[in-house]
Amino acid sequence: MADVVYRPEIHIERLPGSVRKAHLPAEQAPVIFGTHGAVAEHYGRAPGTYEPHATTLDYVIAAAGG
Numbered sequence: 137m138a139d140v141v142y143r144p145e146i147h148i149e150r151l152p153g154s155v156r157k158a159h160l161p162a163e164q165a166p167v168i169f170g171t172h173g174a175v176a177e178h179y180g181r182a183p184g185t186y187e188p189h190a191t192t193l194d195y196v197i198a199a200a201g202g
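Encoded structure:
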């Protein structure tokens, strides 16, 4: 088996509600994950009671190239 060549050091902070702050390698500022639109509605978040942020699913889709 080949040697491990990369092991990411990632720290996730849980914030109130559905917000997460991710500290990722090579990024100066943390990345904020949350909910918005239909996803927020699905989880019972009333419009105007939260600051919308991209979901983790949004980032996975973007990382996969669309």
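Here our numbering is used: the first residue of the sequence shown is 137, the next is one more, and so on. All residues carry an ideal CB built from backbone N, CA and C; glycine is no exception.
Residue i (DSSP reduced to helix, strand or coil)
i: HIS159; result: strand
i: GLU149; result: strand
i: VAL167; result: strand
Span of the alpha helix (DSSP H), counted from its first residue to its last, around residue i
i: VAL196; result: 192-199
i: VAL175; result: 173-178
Residue closest to residue i, alpha-carbon to alpha-carbon, out of the options
i: ARG143; options: LEU160, PRO152, ARG150 and GLU149; result: LEU160
i: HIS189; options: ALA174, GLY201, ALA200 and ALA199; result: ALA174
i: THR185; options: GLY170, TYR195 and ALA199; result: GLY170
i: PRO152; options: TYR195, ILE168 and ILE197; result: ILE168
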